[in-house]
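Read left to right, the sequence shown gives residues 23 to 343 (the numbering used here).
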Amino acid sequence: MKLSQLRILVAVAEQETFSEAALNLDLSQSAVSHSISALEDHLGVVLFSRGRYGARLTPVGDRIVSHARIILQQAEAIAREAELARGLQGGQVRIASFRSIAIHLLPTAIAQFKQRHPNIAVNLSEHDDYLQVERTLREGRADIGFTLLPAADDFDTWEVLENAYVALFPPDFKAAGPQITWAEVAQHPLIMPPADRIMMRDVYDHAQAHGYHLNVVSEVETDTTIVNLVAQGLGATILPRLAAEPIPEQVQVFDLPKPLVRIIGAAVLANGLHTPAIYAFLDVLKSLGSVTVSPAKAVVHDAFETRLGTTSLPEIGVKKT
Numbered sequence: 023m024k025l026s027q028l029r030i031l032v033a034v035a036e037q038e039t040f041s042e043a044a045l046n047l048d049l050s051q052s053a054v055s056h057s058i059s060a061l062e063d064h065l066g067v068v069l070f071s072r073g074r075y076g077a078r079l080t081p082v083g084d085r086i087v088s089h090a091r092i093i094l095q096q097a098e099a100i101a102r103e104a105e106l107a108r109g110l111q112g113g114q115v116r117i118a119s120f121r122s123i124a125i126h127l128l129p130t131a132i133a134q135f136k137q138r139h140p141n142i143a144v145n146l147s148e149h150d151d152y153l154q155v156e157r158t159l160r161e162g163r164a165d166i167g168f169t170l171l172p173a174a175d176d177f178d179t180w181e182v183l184e185n186a187y188v189a190l191f192p193p194d195f196k197a198a199g200p201q202i203t204w205a206e207v208a209q210h211p212l213i214m215p216p217a218d219r220i221m222m223r224d225v226y227d228h229a230q231a232h233g234y235h236l237n238v239v240s241e242v243e244t245d246t247t248i249v250n251l252v253a254q255g256l257g258a259t260i261l262p263r264l265a266a267e268p269i270p271e272q273v274q275v276f277d278l279p280k281p282l283v284r285i286i287g288a289a290v291l292a293n294g295l296h297t298p299a300i301y302a303f304l305d306v307l308k309s310l311g312s313v314t315v316s317p318a319k320a321v322v323h324d325a326f327e328t329r330l331g332t333t334s335l336p337e338i339g340v341k342k343t
């Protein structure tokens, strides 16, 4: 059976003549007659009694038309769902992120997006690191992800913000000068995330590149716990600024002697089929190009505004990193 046959069946049942059904469907009468005959042959039953009075449903035909109407209603519902997803009156945007972005950037972005498009659902999944985010995108379980730049070639990406690493010291620490030195960092007992965390590899490599080995006395899984331990005077730490937020007032914050910065970007699969809802969320991210995530802390890049600019978002297939 074909949906077209069921539409013709319902039309003939409603009009009770083949000619009127053909007129309403913009088909020839012979096409309507052939379709009903083919359906009857397929089902092995007579659906209409034909005569001078037109076409009247047989008892079995009447029961079958009831089912046909339900099938056509469901088919129309499927088409409406697809239309909503293609437009901005429904559907969803699935976002994958790691914790610091989910905490400091996405609440504002999602709130603005929902104000503009209240009928589009937003699904947010948090992951331990950017590699998990990228895996989620590749597996089709997310539409937009936040990752470190530069990213792999199978993504189209846009720079969103720079997140610099900072050294956090306890309240009673006395620095030798206004700028912390590598010697002071290396000599002080450090409380750090586990060394196998991806964001920590760059820290150890960065220190070693400048000839210093970090004095890690404790490894703690949760960033918030580390910051609170520093606030209690139990050690110092080095963290990406967003991961460290909120930083208690008594904790002393220093830039590293040589800056170490992570560039965070929004990513979608290159050459993927992206709905208008996805482009609309990227447009909201673009509008945050001048918004400060936290006063005097990590700032969303004006470069994100520049990179997207007034270019039509559906041109997302052009790699922009």
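The beta-carbon is built from N, C-alpha and C at its ideal position, and this holds for glycine as well. Every value quoted in this text rests on a predicted model; they were computed, and no experiment measured them.
| request: Measure how close the beta-carbons of Leu28 and Ala90 come, nearest whole angstrom, since I'm counting them as under 8 Å. | output: 4 Å
| field | For Ser88, the residue or residues it bridges with in DSSP | value | Paired residues: none, contrary to the question.
| Straight-line Cα distance separating Asn46 from Tyr152 | 56 Å
| Where DSSP assigns a beta bridge to Tyr187, which residues make up the other side? | Pro262
| query | Given a threshold of 16 other Cβ atoms within 10 Å of its Cβ, counted over all protein chains shown, does Tyr187 qualify as buried or as exposed? | reply | buried
| His149 lies in the alpha helix (DSSP H); which residues open and close that run? | Element bounds for His149: not the alpha helix (DSSP H) but the beta strand (DSSP E), Ala143 to His149.
| query | What's the gap between the Cα of Lys308 and the Cα of Ile202? | reply | 35 Å
| Count the other CB atoms within 10 Å of the CB of Met23; is the residue buried (16 or more) or exposed (fewer)? | exposed
| task | Could you have a look at Gln137 and say whether DSSP puts it in helix, strand or coil? | result | helix
| task | Please determine, among Ala99, Arg160 and Glu62, the residue with the shortest C-alpha to C-alpha distance to Ala292. | result | Arg160
| said: Can you tell me which residues form a DSSP beta bridge with Asp277? | reply: Val188
| task | Could you check the C-alpha separation between Gln274 and Val207 for me, to the nearest Å? | result | 13 Å
| field | Length of the line joining the Cα atoms of Asp71 and Thr80 | value | Strictly speaking, residue 71 in this sequence is Ser, with Asp absent from that position. Roughly 6 Å separates the two Cα atoms.
| said: Short of 6 Å in beta carbon distance, which residues of its chain neighbour Pro193, apart from the five on each side in sequence? Order them along the chain. | reply: Gln272
| message | Within the continuous beta strand (DSSP E) that includes Ile166, where are the two ends? | response | Ile166 to Leu170
| said: Relative to the C-alpha of Gly345, which candidate in Leu304, Ala299, Ile269 and Leu310 has its C-alpha closest? | reply: This structure leaves residue 345 out entirely; the chain is present only between 23 and 343.
| field | Own chain partners of Leu171 with C-beta closer than 8 Å, once the 5 adjacent residues on each side are dropped | value | Thr179, Glu181, Ile285, Ile286, Gly287 and Thr343
| task | Look at the Cβ atom of Asn145, then the Cβ atom of Ile166, and state whether they are nearer than 8 Å. | result | no
| query | Leaving out the 5 sequence neighbours to the left and right, which residues in its chain are closer than 7 Å to Val34 when beta-carbon positions are compared? | reply | Phe40, Ala43, Val54, Ile58, Phe70 and Ala77
| One or two residues paired with Thr179 in a DSSP bridge | Ala289
| Nearest-angstrom Cα distance between Ile142 and Gly255? | 47 Å
| query | For the beta strand (DSSP E) that Ile117 lies in, which residues bound it at each end? | reply | Gln114 to Phe120
| Cα-Cα separation, Leu25 to Val290 | 36 Å
| said: Let me check one thing: in DSSP terms, what residues is Glu241 bridge-paired to? | reply: Met214
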